[in-house]
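Chemist: Chains as they are written, first to last, in my numbering: chain A, 872 to 1042; chain B, 872 to 1042; chain C, 6 to 513; chain D, 6 to 513.
In this text, a Cβ means the ideal position worked out from N, Cα and C, and glycines have one as well.
Keep in mind the model is a prediction, meaning the values are calculated, not measured.
Sharing a structure with you now.
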């Protein structure tokens, strides 16, 4: 199976499994580990040479993208199953991975909207300001584009990952 | 709905519900409370006069019997639904709630079995010894009975709540 | 004697106060905003009452509502915590008028210390060094130039009614004096409706050192030694320690005396903090007085062994101080890290959200003052601090080693936190050597925020990555398996149990 | 210098040791039995290795296997914790022979202190008071009667090689002397293969007070003051405190000196404990020496501010002690409660099982040394202690208040625990007044185990019952509802969120 970690891809395969002992190939290298995992996402992995690792996984709310913490680092790990591949291919044929919306990764409140529907906006221009926990964040467009729709208004409270403004990229 | 707490029965009814505010009748007395509950069983209840209570519930693995901790006390609370009622009625017609098995409430190891299948045993006689955490516990029969079957052998490791010996009560 | 206290705050400080109430057998009443129903301070309290909407002005700053609830629930006293109403003189007065004990500074002390020019003058009268500058407002551009040159550049113009950085102008160059004075004045008018501006010498790269004081109703005041608060990002404290690595016993005694003098000058009662700027030559200057409990009060509690909230309540009860100055001794070393839900690698953007899982650090010398729990949704309306991680050890070296250990043990999933950033701070040589001032975080910014691994003499980058892949991948295939035949076993560890029981190749 | 340590233990003490390793930058290797794969000490370690089956003799007592793993993983030292191999002289010797540092007492000290008659003689030679009695084995019934009458009844006959209560007979009446001597002797032969029996005066209702000592490789020995361990159930300590409420400064100095003399008499190195019996007139008698770290060591750490495991490692590294006797000072008061998975209302039956949910007590003056976590299955093979809850406060009164508070905060669901029993102990007047001896729990048995509510000036019985009913009932009907239409929202708090969003009457 293909797995994406950060911006890199890896080919991962389960070779064998006996109780908690699994043998996994990552890009051709074989890892023999003893792994246990609790329902809440705590995971203990002991390698063949006896190293004891812990990982805390956050399962995806939707899709196949895990957040995995190991020591002080946090990784985004996505399982590329058939559906993911299909969606990804469709997107590619649709015109690459161009930015098609403005969203805030966290919940907050819309402080100011700097554009109007139909505006032509240059790459790098801020279009909306969101406030959370007494701090304001500006969101900018990455490419030249047209404001297709504005889905929120000033003062609105938003959830994380909600689409605020949809964009029509200019080719 | 009928609810059993410890050895007592209560008639409980939901009168109304608005968001987290519920009105419940227990044996005819109305309680208006604000209640929230986390997936892990932590429960916060604020009464109408502003008292803040916490309860930790343990959901039943099977059946409808909850364990609920409030402050330093622990309660067994059972919801008597139709199925429970049916089972209970059947049991009653079957000869009351006479003891029909010996079980250990916790996991352990069988140290010694003091009876054999077919033995006639007097009330109060110990029949089996179970060890857990370096401590041994003796289990006794409550009434005169015949040993119907012995389901474990010495040295066996047992789970909690497993039937060890089945009994045939002597009328 | 006080039998019931309304805690007019939320989050960790509300619980901090309630813990002392619980120990003293005093009932605690929590107040909460509509979005805070699931905050642990509501669970912790004996009684709880909702006081309004999420916005602070509708709830935690709503004086009428809080007084109304206090009377309805028949409380004897109100503890304001820090922030919100804790330094609000009107609220202190209102409590008094309503016959409710305000467990904080007396109204007159809050007012006097709130006016910066008046406070400066009072400190000078009490023999407490202040940053060289004027004791009164500057009237004209001519005076501004003359006085600034007299003090010697660089200087700062400041608004007397100021706060939050508004009305402050820093001048390095003579030609900028006029312009800076005028902008400071106009900003003061627009921000505070009061154009009074004064000038102070600008202390470059100072240390921020503060003294904890306690005063009772009989005029006794003692200090509980110092806290070093120079690890700041944009004037926000990030990490504090006590004792200060800069301090000498002689300087501590001297500054302590001045801190006591400062508190006595305003007839102070309760817990308060005298903030000083200290330069590299150990010259120190009064900066301001905080007329409340500070966020960082626990490091003082750890080092001097005094529960400050209990003492606040004792003082409010009219008891004389339990100890004299000579009874106060520092033992060992304490460090506090402020744990925040923020994305340190992304310009410290706040990161509200739902906490999936927490593993709390335990064992010797660890104290965690927090209010979050598994499944708690951190609301977006309040600040991003979710707890304070405090260690104590017998000396500074051991305290640093302990802080490394407990940051390693502290695991939070679901929201981003600054734990990794804090862990990096602990490794910076200036910090380890105790040689840092308020510029410390700025100077080390690139090291601290670049995407570099924490140096814990461990595994390589790629090994961690493989572990992450293995964990996610195994969870994924186990879930695939489990979604097919439903198992009745709902024990929390069912997943690994089930997983362990089966064997052989899994088809994916 | 030691770079890697094998921790030959499990559970809380294994983690306790590893925490100090982590702070000192020393790698920790966990060993575990087959049923302990999910014990937190395995997660906590840098490396981990399974050493055999669940039975202790196959794993934690398996010397060959542990030495084998130690060599394979190239460790410099082994820390045995308490219990298991910690007082095994053969293991200490084996480590030495294999070139591995044993972080415990030297072999000769373990052996000498293991032989009770030899230890008594050694103590007498060192000027340490022992319970009046014989220094050598008693040969005949005639001698037994003569000696017993000489000492004065009541007396105890004890097996020299004894332990665990075997071979001990208490005699109140002259006519029972002969019979008791003979049974003691025959039990000694059958239990230890050694019929040597001696006699001691029986101290009635004594206090059990022990002194912590530390010795380095250069003959320096200091004591770290006392622990009061009289709260015992069937000779098992349940709760300990330091300082002892019985102690006077003079007695502490005197007993401390004797404790140091006792340790020096066996050329002791490392951490050890001298146990004394103390009667109501403050006469004290050497009872035995424990040549290891004790379960209750944390209360000493809290009061004197020393990390005992770190000092053990420093000593093993050949460093001289960091401090002299005059540097050791007690500050404040500490209490430890042993948290056990047992059913206190049902004759303290052990209660292994799966922990559903834990809420850990936090805040000032709290220390939790534990190893369990949400979803952990407590195995039935080892003892029932799942953690130690330790508080520190500035004085005994505050420490008691704090222990009440933290027992209130500590919530464990899924298994039965003794938390409620401990909470009741804290309220017993003899305990509150500090006037208790080893009979304390027995005398108060009926109060402590009868089905009575904890006195926390709270709600009535029936109110708690109603709360329990409401909580279970609402969960039940919400589950009924949720089982109908499946929601995609899997957030941990989805239940109350969903519940909150809907309104109106629910049909049941």
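Do the CB positions of residue 442 (chain D) and residue 344 (chain D) come within less than 8 Å of each other?
Modeler: Along the fourth chain, read from residue 1 onward, the residue named residue 442 (chain D) stands at position 437. Along the fourth chain, read from residue 1 onward, the residue named residue 344 (chain D) stands at position 339. Not closer than 8 Å, so no.
Chemist: So which residues on chain D does residue 1026 (chain B) lean against when the C-beta distance must stay under 8 Å?
Modeler: Here the question's residue 1026 (chain B) lines up with position 155 in the second chain. Going along chain D, no residue has its Cβ under 8 Å from residue 1026 (chain B), so there is no contact; the nearest lies around 12 Å.
Chemist: Compare the C-beta of residue 54 (chain C) with all C-beta atoms of chain B and state if any pair is closer than 8 Å.
Modeler: The residue you call residue 54 (chain C) lines up with position 49 of the third chain. Taking Cβ atoms only, chain B reaches closer than 8 Å to residue 54 (chain C), which makes this a yes.
Chemist: Secondary structure at residue 8 (chain D), three-state DSSP: helix, strand or coil?
Modeler: Here residue 8 (chain D) refers to the residue found at position 3 when the fourth chain is read from its first residue. Reduced to three states, the DSSP call for residue 8 (chain D) is coil.
Chemist: By DSSP, does residue 1000 (chain B) sit in helix, in strand, or in coil?
Modeler: Locating residue 1000 (chain B) in the second chain gives position 129, counting from the first residue. DSSP places residue 1000 (chain B) in strand when its eight states are reduced to three.
Chemist: Name the two residues that bound the continuous beta strand (DSSP E) containing residue 229 (chain D).
Modeler: Residue mapping note: residue 229 (chain D) aligns to position 224 of the fourth chain, counting from 1. Note, residue 229 (chain D): beta strand (DSSP E), 226-238.
Chemist: Report the option in C:395, C:478, C:472 and C:481 whose CA atom is closest to the CA atom of residue 917 (chain A).
Modeler: Counting from one through the first chain, the residue named residue 917 (chain A) turns up at place 46. Here the closest residue by C-alpha is C:472.
Chemist: State the beta-bridge partners of residue 294 (chain D) as determined by DSSP.
Modeler: For this step, residue 294 (chain D) is matched to residue 289 along the fourth chain. According to DSSP, which records beta bridges pairwise, residue 294 (chain D) is partnered with D:279.
Chemist: Can you pull the DSSP bridge partners for residue 1 (chain C)?
Modeler: An answer regarding residue 1 (chain C) cannot be provided, because it is not within the stretch 6 to 513 covered by chain C.
Chemist: Relative to chain B, which residues along the stretch 360-371 of chain D have a C-beta separation below 9 Å, given in chain order?
Modeler: Those residues of the stretch 360-371 of chain D that come within reach of chain B (Cβ to Cβ, closer than 9 Å) are 361, 362 and 364.
Chemist: Quick check on the burial criterion: 16 or more other C-beta atoms within 10 angstroms. Buried or exposed for residue 232 (chain D)?
Modeler: Looking up residue 232 (chain D) in the fourth chain gives position 227. So residue 232 (chain D) counts as buried.
Chemist: Examine the Cβ distances between the stretch 377-389 of chain D and the stretch 279-287 of chain D and report whether three or more of them are shorter than 8 Å.
Modeler: Output reads no: the stretch 279-287 of chain D does not touch the stretch 377-389 of chain D.
Chemist: Check distances from the C-beta atoms of the stretch 927-944 of chain A to those of chain C and list, in chain order, the residues that come in under 8 Å.
Modeler: Correct list: 927, 928, 929, 930, 935, 937, 938, 939, 940, 941, 942, 943 and 944.
Chemist: Between which two residues does the beta strand (DSSP E) holding residue 248 (chain D) run?
Modeler: Locating residue 248 (chain D) in the fourth chain gives position 243, counting from the first residue. That residue, residue 248 (chain D), is in no beta strand (DSSP E); it is neither H nor E in DSSP.
Chemist: According to DSSP, is residue 127 (chain D) helix, strand or coil?
Modeler: For this step, residue 127 (chain D) is matched to residue 122 along the fourth chain. Reduced to three states, the DSSP call for residue 127 (chain D) is helix.
Chemist: Hey, quick one: how far does the alpha helix (DSSP H) through residue 274 (chain D) stretch, first residue to last?
Modeler: Translated into positions along the fourth chain, residue 274 (chain D) becomes position 269. Where residue 274 (chain D) is concerned, there is no enclosing alpha helix (DSSP H), given that its DSSP letter is neither H nor E.
Chemist: Per DSSP, residue 991 (chain B) is paired with what?
Modeler: Residue 991 (chain B) sits at position 120 when you count from the first residue of the second chain. Answer is B:1017.
Chemist: Can you give me the C-alpha to C-alpha distance between residue 908 (chain A) and residue 476 (chain C), rounded to a whole angstrom?
Modeler: What you label residue 908 (chain A) is simply residue 37 of the first chain in a count that begins at 1. What you label residue 476 (chain C) is simply residue 471 of the third chain in a count that begins at 1. Taking the straight line joining both Cα atoms gives about 8 Å.
Chemist: Assuming residue 279 (chain D) and residue 216 (chain D) are in contact, meaning their beta carbons sit under 8 Å apart, how far apart are those beta carbons, in whole angstroms?
Modeler: Along the fourth chain, one-based indexing puts residue 279 (chain D) at 274. Along the fourth chain, one-based indexing puts residue 216 (chain D) at 211. Contact holds; Cβ gap of about 5 Å.
Chemist: For a contact meaning CB atoms closer than 9 Å, what does residue 339 (chain C) contact in chain D?
Modeler: To locate residue 339 (chain C), count along the third chain from 1; it is residue 334. In chain order: nothing, as chain D lies at least about 11 Å away.
Chemist: For the beta strand (DSSP E) that residue 929 (chain A) lies in, which residues bound it at each end?
Modeler: Numbered from 1 along the first chain, position 58 holds the residue referred to as residue 929 (chain A). Note, residue 929 (chain A): beta strand (DSSP E), 923-929.
Chemist: How about residue 310 (chain D): is its C-beta nearer than 8 Å to some C-beta of chain C?
Modeler: As a working mapping, residue 310 (chain D) is identified with position 305 in the fourth chain. Residue 310 (chain D) counts as touching chain C.
Chemist: Cβ of residue 46 (chain C) within 8 Å of Cβ of residue 7 (chain C)?
Modeler: Within the third chain, residue 46 (chain C) is the residue found at index 41, counting from 1. Within the third chain, residue 7 (chain C) is the residue found at index 2, counting from 1. For residue 46 (chain C) and residue 7 (chain C), no; Cβs fall outside 8 Å.
Chemist: Anything in chain C within Cβ reach of residue 881 (chain A), meaning under 9 Å, just list it in chain order.
Modeler: Locating residue 881 (chain A) in the first chain gives position 10, where the first residue counts as 1. Under the 9 Å cutoff, chain C gives 470, 471 and 474.
Chemist: Could you tell me the alpha carbon to alpha carbon distance between residue 253 (chain D) and residue 261 (chain C), rounded to whole angstroms?
Modeler: Translated into positions along the fourth chain, residue 253 (chain D) becomes position 248. Translated into positions along the third chain, residue 261 (chain C) becomes position 256. Between residue 253 (chain D) and residue 261 (chain C), the C-alpha separation is close to 34 Å.
Chemist: Do you know how far the Cα of residue 9 (chain D) is from the Cα of residue 76 (chain D)?
Modeler: Here the question's residue 76 (chain D) lines up with position 71 in the fourth chain. Here the question's residue 9 (chain D) lines up with position 4 in the fourth chain. Looking at the two C-alpha atoms, the distance is approximately 11 Å.
Chemist: On the CB-based measure, 16 or more other CB atoms within 10 Å of its CB, does residue 209 (chain D) come out buried or exposed?
Modeler: Here residue 209 (chain D) refers to the residue found at position 204 when the fourth chain is read from its first residue. Counting Cβ neighbours within 10 Å, residue 209 (chain D) comes out exposed, since fewer than 16 surround it.
Chemist: So, using beta-carbon positions, are residue 320 (chain D) and residue 264 (chain D) closer together than 8 Å?
Modeler: As a first step, residue 320 (chain D) is located in the fourth chain; it is residue number 315 there, counting from the start. As a first step, residue 264 (chain D) is located in the fourth chain; it is residue number 259 there, counting from the start. No, these two residues do not count as a Cβ contact at 8 Å.
Chemist: Got a sec, what are the start and stop residues for the alpha helix (DSSP H) residue 197 (chain C) sits in?
Modeler: Within the third chain, numbered from 1, the residue matching residue 197 (chain C) stands at position 192. Per DSSP, residue 197 (chain C) belongs to the alpha helix (DSSP H) from 182-197.
Chemist: Mapping DSSP to helix, strand and coil, what is residue 23 (chain C)?
Modeler: On the third chain, residue 23 (chain C) is found 18 positions in, with the first residue counted as 1. Three-state DSSP puts residue 23 (chain C) in a helix.
Chemist: In whole angstroms, give me the CA-to-CA distance for residue 44 (chain D) and residue 91 (chain C).
Modeler: Within the fourth chain, residue 44 (chain D) is the residue found at index 39, counting from 1. Within the third chain, residue 91 (chain C) is the residue found at index 86, counting from 1. Rounded to whole angstroms, residue 44 (chain D) to residue 91 (chain C) spans 45 Å at the Cα level.
Chemist: Would you check if the distance between the CB atom of residue 238 (chain C) and the CB atom of residue 446 (chain C) is smaller than 8 Å?
Modeler: Here the question's residue 238 (chain C) lines up with position 233 in the third chain. Here the question's residue 446 (chain C) lines up with position 441 in the third chain. Yes.
Chemist: Check the Cβ of residue 375 (chain C) against every Cβ in chain D and list those closer than 7 Å, keeping chain order.
Modeler: Residue numbering aside, residue 375 (chain C) sits at position 370 when the third chain is read from its first letter. Chain D residues near residue 375 (chain C): 367.
Chemist: Could you pull the start and end residues of the beta strand (DSSP E) that residue 135 (chain D) belongs to?
Modeler: Here the question's residue 135 (chain D) lines up with position 130 in the fourth chain. Neither: residue 135 (chain D) is in no beta strand (DSSP E) and is coded neither H nor E.
Chemist: Alpha carbons only, please: which of B:1031, B:935 and B:970 is nearest the one belonging to residue 953 (chain B)?
Modeler: Numbered from 1 along the second chain, position 82 holds the residue referred to as residue 953 (chain B). Looking at the Cα atoms, B:935 is the closest of the given residues.
Chemist: Under the assumption that residue 213 (chain C) contacts residue 234 (chain C) (Cβ atoms under 8 Å), give the Cβ distance between them as a whole number of angstroms.
Modeler: Along the third chain, read from residue 1 onward, the residue named residue 213 (chain C) stands at position 208. Along the third chain, read from residue 1 onward, the residue named residue 234 (chain C) stands at position 229. Sure, about 5 Å apart at Cβ, within 8 Å.
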